[in-house]
Amino acid sequence: MRDHIASKDFREGFVEMLPACIGLLPFGLVCGVGAAAAGANWLAALGMSAIIFSGAAQILAAQLVAADAPFAVIVLTCFVLGLRFLMYSAAMAPYLRPLPDGMQKVLAFLLTDQAFAAAVRRFNASDDHHGAGLHFLGCGAALYLVWQVSCMVGFLAGNLIPSAWSLEFAVPLCFIALLAPLFRDAPSVVAAVTAGIAVLAMSHLPMRLNLIVAGVLGIVAGTLADLARERWKAR
Amino acid sequence: MEGALKLWAVIVAVGALNYLSRLSFIALFARRTMPPLLARALRYVPAAMLTALILPMVVDFKGAAADFATPRVAAALIAAAVAFATRSTLKTLGAGMAALWLLEWAYA
């Protein structure tokens, strides 16, 4: 393990992720604030960021716990949100196959939206799979450390931030930063518009069920639009 | 379920499912390729779920009707334009928060 951390590739990955980490700071702060609002003590707040390690899932879980939604609804909604990891996992699998088993399992844990993008770039750019794996480990380690610290700071200091600053607005903004670039792709626009109309039209549903129903409808609409586009192109 | 216990149950269950999803094609189904229809559908999880998450945080509800003429909606649209053009989280955050503060100050 020590050799891993001392390697040049690990350090490069760690340093390369630091600018992205700065962008995550407000998101982490808000996740910590959310954990506090859900009634977590410091250990549970740390558990959320250290075990779940996904800002969107942490925010959603915290909101649903605070709204007293049933356990099964919370877990199911977060599961649908986490389905995108299946896609990342399938995309990463061929790159990770030459690496040792334990390394694959650690890297899978560190697979996040940000680390995925950086890791794919590196694996494509270099033939050295082991080096690229260490680079990925460095990216993941930087994100993991900064994430724990920012969530903890948010949990401890959240109520010191004046509410007039509207810090909670940083949450949708972080999601918008991930969402808006997808709009270059027509079926993604169909998926987003469908999910958007559905989530507002069904906002009267209890337990935030509108979220999961709208998500599934959006995924189906996007898939159908994609299939239709393919058929159209084939003609 | 009692509060603290339920929170820990959620943390463990969501954490485990997230890890299994991340591990899926790396280890669990390493010998299989993803069914093409599933691969196609998964491409639209981010667009659909992110939109479903964002809108309730941005749009206010007055009784049964959604209110779109608010500083939050305008600031979110400005942030979306910046995100579309720059793909930068920091610039999106900066533009969105600045727009919200300005609009709320002008609105008041």
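These protein sequence lines map, in sequence, to chains A and B. Whatever position you read off the first sequence (first residue = 1), add 879 for my numbering. Whatever position you read off the second sequence (first residue = 1), add 328 for my numbering. In this text, a Cβ means the ideal position worked out from N, Cα and C, and glycines have one as well.
Residues are counted here when their Cβ sits less than 8 Å from a Cβ of chain A; for the stretch 332-351 of chain B these are Ala-332, Lys-334, Leu-335, Trp-336, Ala-337, Val-338, Ile-339, Val-340, Ala-341, Val-342, Gly-343, Leu-345, Asn-346, Tyr-347, Ser-349, Arg-350 and Leu-351, given in chain order. Excluding sequence positions up to five before and after Val-401 (chain B), its CB lies within less than 7 Å of the CB of Val-386 and Val-387, all in the same chain and listed in chain order. A distance of 8 Å or more separates the beta carbons of Cys-1030 (chain A) and Gly-892 (chain A). Beta-bridge partners assigned by DSSP to Asp-395 (chain B): B:Asp-388. Residue environment: Thr-361 (chain B) is assigned as exposed (fewer than 16 neighbouring CB atoms within 10 Å of its CB, all protein chains considered). Contact check between the stretch 1061-1071 of chain A and the stretch 921-940 of chain A: fewer than three CB pairs, one atom from each, fall below 8 Å, which does not count as touching.
Residue burial annotation: Arg-1114 (chain A) is exposed, with fewer than 16 other C-beta atoms found within 10 angstroms of its C-beta. Ala-917, Gly-918, Ala-919, Asn-920, Ala-923, Gly-926, Met-927, Ile-930 and Ile-931: these are the residues of the stretch 917-931 of chain A whose beta carbon lies less than 8 Å from some beta carbon of chain B, given in chain order. With at least 16 other beta carbons inside 10 angstroms of its own, Trp-1026 (chain A) counts as buried. Annotation for His-1009 (chain A): the continuous alpha helix (DSSP H) segment containing it runs 1008-1036. Residue environment: Pro-384 (chain B) is assigned as buried (16 or more neighbouring CB atoms within 10 Å of its CB, all protein chains considered).
Residue environment: His-1009 (chain A) is assigned as exposed (fewer than 16 neighbouring CB atoms within 10 Å of its CB, all protein chains considered).
Distance check between Gln-937 (chain A) and each of A:Ala-948, A:Ala-951 and A:Ala-917 places A:Ala-917 closest, using alpha-carbon atoms only.
Look at the stretch 1033-1068 of chain A and you find no whole run of beta strand (DSSP E) that is 3 residues long or longer. Residue environment for Asp-395 (chain B): exposed (fewer than 16 other C-beta atoms within 10 angstroms of its C-beta). Within the same chain, Cys-910, Gln-937, Trp-1026, Gln-1027 and Cys-1030 come within 7 Å of Ser-928 (chain A) by CB-CB distance, once the 5 residues on both sides are set aside. Rounded to whole angstroms, the gap between the alpha carbons of Met-1086 (chain A) and Thr-956 (chain A) is 10 Å. For the stretch 372-405 of chain B, the residues whose beta carbon sits under 8 Å from a beta carbon of chain A are, in order, Tyr-372, Val-373, Pro-374, Ala-375, Ala-376, Met-377, Leu-378, Thr-379, Ala-380, Leu-381, Ile-382, Leu-383, Pro-384, Met-385, Val-386, Val-387, Phe-389, Ala-392, Ala-394, Arg-400, Ala-403 and Ala-404.
For Gly-1101 (chain A), a Cβ of chain B is located within less than 8 Å of the residue's own Cβ. When C-alpha distances from Leu-908 (chain A) are compared across A:Ala-1107, A:Ala-1104, A:Ala-1080 and A:Gly-1037, the shortest belongs to A:Gly-1037.
When the alpha-carbon of Val-1078 (chain A) is set against those of A:Tyr-974, A:Arg-1001 and A:Val-1092, the nearest one is in A:Val-1092.
At the C-beta level, Leu-378 (chain B) and Phe-1054 (chain A) come within 8 Å of one another.
For the stretch 1015-1033 of chain A, the beta-carbon criterion of a distance under 7 Å to any beta-carbon of chain B is satisfied by none of its residues.
For the pair of segments examined, the stretch 1040-1048 of chain A was found not to touch the stretch 884-898 of chain A: the number of CB pairs separated by less than 8 Å stays below three. DSSP places Glu-1109 (chain A) within a helical segment (H, G or I) once states are collapsed to three. For Ala-1004 (chain A), the closest alpha carbon among the candidates A:Gly-1101, A:Asp-1105, A:Tyr-974 and A:Val-912 is that of A:Tyr-974. For the pair of segments examined, the stretch 1066-1073 of chain A was found to touch the stretch 1091-1106 of chain A: the number of CB pairs separated by less than 8 Å reaches three. Here the C-alpha atom of Tyr-1023 (chain A) lies approximately 8 Å from the C-alpha atom of Phe-932 (chain A). Contact with chain A is absent for Leu-431 (chain B), since none of that chain's Cβ atoms lies less than 8 Å from the residue's Cβ.
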